[in-house]
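Residue 334 in our numbering sits at position 53 of the sequence shown; the count goes up by one each step and never skips. Each residue gets a CB set at the ideal place from its N, CA and C atoms; glycine is no exception. Below: one structure, written as structure tokens.
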Amino acid sequence: MLSRVADSIYWLNRYIERAENVARFVEVNLNLLMDNPVGVTQQWEPLIAVTGDRDLFATRYGEATSHNVLNFLTFDSQSPNSIRSCVRAARENARSVRETISSEMWEQINAFYLMVEAAATDKPDDIREVYDFYAQVKMASHRFVGVMNATASWNESWHFGQLGRLLERADKTSRILDVKYFLLLPSVKAVGSPLDNLQWISLLKSASAYEMYRKVEHTISPTSVARFLIFDPHFPRSIKFCLCRAEESLRKIAGTDETQTLPSERALGRVRAELEYVTFEEIFQQGLHEFLDNLQLQINQVGDRIYTDFIAMPPSVPLSTALPVVSGQE
């Protein structure tokens, strides 16, 4: 397998997953919009803060109104992390490896692209239409993953796709959880109030985690919600689940034993080991936001190491014969 193919498959999956998770970010506010008590101010700036695109948004839009934020995160082709930009990038990566992916995968990506482009031309404005559009984005991503799992050989190429998707998902689950840090309550007294609980429930729903959370927890609390989204070993969008499965795929790709680990394996192993041994009390002593911020930096470093180990090499060199050689697409 050539390094350029590995890079395209990896980023194809990251961009599809990223588009889905941008829709999930927006759903945090859409859920609150439907459930908030009358008179509670809707907050849109937290969605920009948690994506890390504050400077670009301020340059292009200034004020964080619902219209500005939704357009920036969804249809703005000048925003590299908008849903539209992510789906376009995914399609271009798929086009570059058209001969190595199944026709069904290409058809699903193309259908996803055409759906988003049609919506960008005729933007939904009614709240129900807006909500339905983001649901379609999530479902298109799910369909792609299902088609890939059902029509592609589970070989090195598949593991690169799985690795990209899971690292992206771990990062974005941490950011969905981190939205709560930026959501302001009316006062300190509101901590633990029905409004506070509504915000936590909204995060769970946005991560498609509410029903699975309710199977293991009977009440809503900051500690139990954060613990579930970070540590649950069975929920497929928890950070720990994603990193453990990503580590399995990385080992399959690297083909190394425990005494000959590559820098990318060591970097991912360190992040996964931290989640194995850190206690939740230690996380709260450090600060949940600070912990998540550091976790995102470590996941980014894993991505850099993967690029160094497997991608940064002459395009004609197969991965199986390449030596670890610095950082790919953003």
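Item to complete: Can you give me the Cβ contacts of Met493 inside the same chain, cut-off strictly under 7 Å, excluding the 5 residues immediately before and after it?
Response: For Met493, where only same-chain residues beyond five positions count, the Cβ hits under 7 Å are Phe516.
Item to complete: Identify whether Pro467 lies in helix, strand or coil by the three-state DSSP scheme.
Response: Interpretation of Pro467 is limited by its pLDDT of 46, a score under 50 that renders its predicted location unreliable; the figure taken from the coordinates is listed afterwards. Pro467: coil per DSSP, three-state reduction.
Worksheet item: Can you list, in chain order, the residues of its chain whose CB lies under 7 Å from that of Ile390, leaving out five sequence neighbours each side?
Response: These residues qualify, in order along the chain: Ala371, Arg372, Ala375, Phe425.
Worksheet entry | Buried or exposed (CB count within 10 angstroms, at least 16 for buried), Val552 | With 16 or more Cβ atoms within 10 Å of its Cβ, Val552 is classed as buried.
Discussion item. Using the Cβ count rule (16 or more neighbours within 10 Å means buried), how would you classify Pro327?
Written reply: The residue is buried, with at least 16 neighbouring Cβ atoms inside 10 Å.
Fill in: Beta-carbon separation (whole angstroms), Arg341 vs Phe353, contact threshold 8 Å
Cβ atoms of Arg341 and Phe353 come within 8 Å of each other, at about 7 Å.
Practice prompt. On a CA-only basis, which of Arg305, Lys419, Ala416, Met386 is nearest Asn430? Give me that one, please.
Written response: The candidate whose alpha carbon is nearest that of Asn430 is Met386.
Practice prompt. Can you tell me which of the three DSSP states Leu543 falls into?
Written response: In the structure shown, Leu543 adopts coil according to DSSP, grouped into three states.
Worksheet item: Which residues mark the beginning and the end of the alpha helix (DSSP H) in which Leu524 is found?
Response: 520-535 is the extent of the alpha helix (DSSP H) around Leu524.
Fill in: Phe565 burial status per 10 Å Cβ neighbour count (16 or more: buried)
Exposed is the call here.
Worksheet entry | Burial state of Pro467 (16 or more Cβ within 10 Å) | Model confidence at Pro467 stands at a pLDDT of 46, short of 50, so the residue's coordinates are unreliable and nothing is read from them.
Worksheet item: Can you tell me the Cα-Cα spacing of Lys533 and Leu549, whole angstroms?
Response: About 14 Å.
Practice prompt. Please determine if the stretch 401-413 and the stretch 286-301 are in contact, where contact requires at least 3 C-beta pairs separated by less than 8 Å.
Written response: No contact exists between the stretch 401-413 and the stretch 286-301.
Practice prompt. Could you pull out every unbroken alpha helix (DSSP H) segment of at least 4 residues lying fully inside the stretch 558-593, listed in chain order?
Written response: Within the stretch 558-593, the complete alpha helix (DSSP H) runs of at least 4 residues are 561-567, 569-587.
Worksheet item: By Cβ distance below 6 Å, which residues in the same chain neighbour Leu447 in space, the five residues on each side in sequence not counted?
Response: Annotation for Leu447: Cys523, Arg526, Ala527 place their beta carbon closer than 6 Å to its own, counting only its chain and skipping 5 residues before and after.
Worksheet item: Short check: CB of Ser455 to CB of Gln579, under 8 Å?
Response: No, the Cβ-Cβ distance between Ser455 and Gln579 is not below 8 Å.
Worksheet item: Pairing CB atoms from the stretch 435-445 with CB atoms from the stretch 497-513, are three or more of them under 8 Å?
Response: Touching, no.
Item to complete: Report, in whole angstroms, the separation of the C-beta atoms of Ser483 and Val309, which I expect to be a contact under 8 Å.
Response: At roughly 5 Å, the Cβ-Cβ gap stays under 8 Å, so Ser483 and Val309 are in contact.
Worksheet item: Nearest-angstrom Cα distance between Leu283 and Ser519?
Response: For Leu283 and Ser519, the distance between alpha carbons rounds to 31 Å.
Fill in: Opening and closing residue of the alpha helix (DSSP H) in which Thr402 lies
Where Thr402 is concerned, the enclosing alpha helix (DSSP H) stretches over 384-402.
Worksheet item: Residue range of the alpha helix (DSSP H) that His348 falls in?
Response: In the DSSP assignment, His348 falls within the unbroken alpha helix (DSSP H) covering 347-355.
Practice prompt. Can you give me the Cβ contacts of Asn478 inside the same chain, cut-off strictly under 8 Å, excluding the 5 residues immediately before and after it?
Written response: Here the set comprises Ile501.
Practice prompt. Can you check DSSP and say which residues form a bridge with Leu556?
Written response: Looking at the DSSP assignment, Leu556 forms no beta bridge with any residue, so it has no partner.
Worksheet item: How many angstroms separate the CA atom of Leu458 from the CA atom of Leu476?
Response: Near 16 Å, if we compare the C-alpha coordinates of Leu476 and Leu458.
Worksheet entry | Residue nearest to Phe512 in terms of C-alpha spacing, selected from Lys486, Ala490, Phe463 | For Phe512, the nearest C-alpha among the options comes from Ala490.
Worksheet item: Nearest-angstrom Cα distance between Glu398 and His423?
Response: The straight-line gap from Cα to Cα measures roughly 19 Å.
Item to complete: Report yes if the CB atom of Leu337 is closer than 8 Å to the CB atom of Ser358, and no otherwise.
Response: Pairing Leu337 with Ser358 gives a Cβ-Cβ distance that is not under 8 Å.
Worksheet item: By a C-beta neighbour count over all protein chains shown, 10 Å radius and 16 as the cutoff for buried, is Asp403 buried or exposed?
Response: With fewer than 16 other Cβ atoms within 10 Å, it is exposed.
Worksheet item: Along the chain, where does the alpha helix (DSSP H) that runs through Ala375 open and close?
Response: First-last of the alpha helix (DSSP H) with Ala375: 364-377.
Item to complete: Could you pull out every unbroken beta strand (DSSP E) segment of at least 3 residues lying fully inside the stretch 416-455, listed in chain order?
Response: Secondary structure remark: continuous beta strand (DSSP E) runs of at least 3 residues inside the stretch 416-455: none found.
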